[in-house]
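Undergrad:
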Amino acid sequence: KCLKMSTHTPIQFEACWAITNIASGTLEQTAYIVHTGVLKDLSFLVNSENQALKEQALWALGNIAGDVQFRDAVLRLPVIEPTILACMPTAQISLQRTASWVLSNFVRVHNQAGHEEKHTVPKAELVRPIWRHAMRAIATNGWLTDEMVVSDLMFTLYYCATNYSEARGAILSSKPLVDKILDPNVLNPSDGVSRHGASNASSAKIVSALTVDPVAASRLVEMSLVPKLGSVLGNNMVPVKKESKLFLLKTTRNISALKDPHGTLNASVISAGLHPFLLTEFRMALATKNQKNLTCTLEAVSNFIGNADLKTGVSQWVENGAIVVLVDGLDWKSCGIELCAKVAKTGIRILKA
Numbered sequence: 001k002c003l004k005m006s007t008h009t010p011i012q013f014e015a016c017w018a019i020t021n022i023a024s025g026t027l028e029q030t031a032y033i034v035h036t037g038v039l040k041d042l043s044f045l046v047n048s049e050n051q052a053l054k055e056q057a058l059w060a061l062g063n064i065a066g067d068v069q070f071r072d073a074v075l076r077l078p079v080i081e082p083t084i085l086a087c088m089p090t091a092q093i094s095l096q097r098t099a100s101w102v103l104s105n106f107v108r109v110h111n112q113a114g115h116e117e118k119h120t121v122p123k124a125e126l127v128r129p130i131w132r133h134a135m136r137a138i139a140t141n142g143w144l145t146d147e148m149v150v151s152d153l154m155f156t157l158y159y160c161a162t163n164y165s166e167a168r169g170a171i172l173s174s175k176p177l178v179d180k181i182l183d184p185n186v187l188n189p190s191d192g193v194s195r196h197g198a199s200n201a202s203s204a205k206i207v208s209a210l211t212v213d214p215v216a217a218s219r220l221v222e223m224s225l226v227p228k229l230g231s232v233l234g235n236n237m238v239p240v241k242k243e244s245k246l247f248l249l250k251t252t253r254n255i256s257a258l259k260d261p262h263g264t265l266n267a268s269v270i271s272a273g274l275h276p277f278l279l280t281e282f283r284m285a286l287a288t289k290n291q292k293n294l295t296c297t298l299e300a301v302s303n304f305i306g307n308a309d310l311k312t313g314v315s316q317w318v319e320n321g322a323i324v325v326l327v328d329g330l331d332w333k334s335c336g337i338e339l340c341a342k343v344a345k346t347g348i349r350i351l352k353a
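The sequence shown: position 280 = 280 (our numbering), numbered continuously.
#1: With a CB to CB cut of under 8 Å and the five nearest residues on each side skipped, what residues in its chain are close to I206?
#2: Can you tell me whether DSSP reads R128 as helix, strand or coil?
#3: Just to confirm, are M135 and L177 a CB contact at a threshold of 8 Å?
#4: Please name the residue, chosen from N105, T312, N303, that lies closest to N63 on a Cα-to-Cα basis.
#5: For my contact list, V121 and N188 are in at a C-beta cut-off of 8 Å; report their separation, rounded to the angstrom.
#6: What's the C-alpha gap between N266 and F304?
#7: Does the segment 293-311 come close enough to the segment 244-254 that 3 or more CB-CB pairs lie under 8 Å?
#8: Consult DSSP for W17 and reduce its assignment to one of helix, strand or coil.
#9: Could you pull out every residue in the same chain whose Cβ sits closer than 8 Å to the Cβ of C87, ignoring the five residues on either side in sequence?
#10: In three-state DSSP terms, what is D328?
#11: N266 by DSSP, collapsed to three states: which one?
#12: Kindly indicate which three-state DSSP category A272 falls into: helix, strand or coil?
#13: Closer than 6 Å by C-beta to A257: which residues in its own chain qualify, once you throw out the five before and the five after it? Chain order, please.
#14: If we count the other Cβ atoms within 10 Å of its Cβ and call it buried at 16 or more, is D41 buried or exposed?
#15: Apart from the five residues just before and just after A198, which ones in its own chain have a Cβ nearer than 7 Å to its Cβ?
#16: Name the residue from N290, K245, G234 whose alpha carbon lies nearest to the alpha carbon of I270.
#17: CA-CA distance, N50 and S94?
#18: Over the uninterrupted alpha helix (DSSP H) stretch that includes Y158, give me the two end residues.
#19: For G142, count neighbouring Cβ atoms within 10 angstroms of its own Cβ and tell me buried if that reaches 16, exposed if not.
#20: Would G263 pass as a contact of A322 if the rule is Cβ separation under 8 Å?
#21: How long is the line joining the alpha carbons of V107 and P78, rounded to whole angstroms?
#22: Going by beta-carbon coordinates alone, are W17 and Q69 separated by less than 8 Å?
#23: Alpha carbon to alpha carbon, how far is M223 from L61?
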């Protein structure tokens with residue numbers, strides 16, 4: 001009832017705030033307020049001329065959409081367009097920040113514990129305007145000036161690239177956007193903390209999500225992905241942030257699985273200086289028992305050597321200590337039987353060379 005009191009904006013604002021707080025609680029608490037019918041009222045309030053009320057209504061909807069059970073119900077309301085409008089540079093910074101976070105929550109798929117569930121993604125037609133806005137905003141120089149807005153829109157693209165082949169195709173079709181996310185300073189930002197709880201590794205996450213798709217991975221390789229990775233991972237002068245490194249390692253592993261009949265990919269990896277980095281990173285991961293980095297690096301090394309030219313490509317890896325790495329990688333307890341089998345096969349290839 002308080003939400004409907006259009007002549008008493010302060011009361012509407014307080015009601016929105018209360019709903020926002022309840023929707024940040026348990027699933028049962030969110031379900032209770034949704035079943036009272038507040039969604040429709042909130043969808044009206046996001047068009048309010050009162051900036052504070054608009055922002056609070058958006059925040060409430062973002063919290064409710066955070067529970068996947070109710071996200072589609074929110075997205076079926078006419079709320080995406082006003083949320084995008086609230087992200088525009090003409091809006092107040094506070095409103096831009098809230099609206100950009102709401103957009104990321106509209107496409108962020110996770111359960112109550114925070115684990116992503118790819119099988120519960122919204123239909124593409126519901127969220128297509130969201131990734132189009134994020135693409136345009138990030139690719140346009142001078143549009144975004146606030147780091148939190150940039151971070152949330154980058155995470156929006158990451159979630160969309162993870163779950164929609166159409167979004168991956170759209171991202172790859174925008175050269176200005178690809179140039180932006182492949183910028184070494186963006187792949188490994190020097191600073192900046194996002195509201196997502198970690199140093200902003202969103203660009204590295206986007207690239208990692210894109211390269212899971214072999215077609216997209218091949219396209220990124222054509223767009224100079226390998227030299228860009230070399231600029232970040234092979235640069236001993238600039239340490240790679242932990243959050244970025246894992247996703248850049250995943251990207252390297254993903255592209256290592258591409259078919260390379262002429263050895264051109266392996267040659268570009270060696271030219272970019274990635275091979276000594278991968279071998280060194282494996283030793284570090286083994287010493288620190290970092291299972292994720294260990295698996296990524298070992299699989300990448302095995303794939304690259306497996307595809308390398310026998311006469312020239314393999315020797316570059318051997319000269320940088322690949323044999324020792326592969327021997328250490330035969331520890332099935334650390335790496336798993338399947339990966340050990342691949343390592344053994346790679347060792348045979350080295351012997352042939």
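Glycine residues also receive a C-beta, built at the ideal position from the N, C-alpha and C atoms. Everything numeric in this text was worked out from a predicted model, so none of it was measured.
TA: Straight from the coordinates:
#1: Result list for I206: M154, L157, Y158, A161, I171, I181, in chain order.
#2: Here R128 carries a helix assignment [DSSP, helix/strand/coil].
#3: Closer than 8 Å, so yes.
#4: Of the candidates N105, T312, N303, the one whose C-alpha sits nearest the C-alpha of N63 is N105.
#5: Rounded, the Cβ-Cβ distance is 29 Å, inconsistent with contact.
#6: The alpha-carbon atoms of N266 and F304 are separated by roughly 6 Å.
#7: Touching, per the Cβ criterion.
#8: W17 falls in the helix class under three-state DSSP.
#9: Correct list, in chain order: Q96, A99, S100, L103, H133, A137, V149, L153.
#10: It is helical.
#11: Judged by DSSP in its simplified three-state form, N266 adopts helix.
#12: Secondary structure at A272: coil, using DSSP grouped into helix, strand and coil.
#13: Excluding residues up to 5 positions away in sequence, N303 lie with their Cβ nearer than 6 Å to the Cβ of A257 in the same chain.
#14: Counting Cβ neighbours within 10 Å, D41 comes out buried, since at least 16 surround it.
#15: Low confidence applies here, because A198 scores a pLDDT of 40, under 50, leaving its location unreliable and the question unanswered by this model.
#16: Among N290, K245, G234, the Cα nearest to that of I270 is on G234.
#17: In this structure, the alpha-carbon of N50 lies about 13 Å from that of S94.
#18: 147-163 is the extent of the alpha helix (DSSP H) around Y158.
#19: When all chains shown are included, G142 counts as exposed.
#20: No. Outside cutoff.
#21: Cα to Cα, V107 sits roughly 16 Å from P78.
#22: Taking 8 Å as the Cβ cut-off, W17 and Q69 do not qualify as a contacting pair.
#23: In this structure, the CA atom of M223 is about 38 Å from the CA atom of L61.
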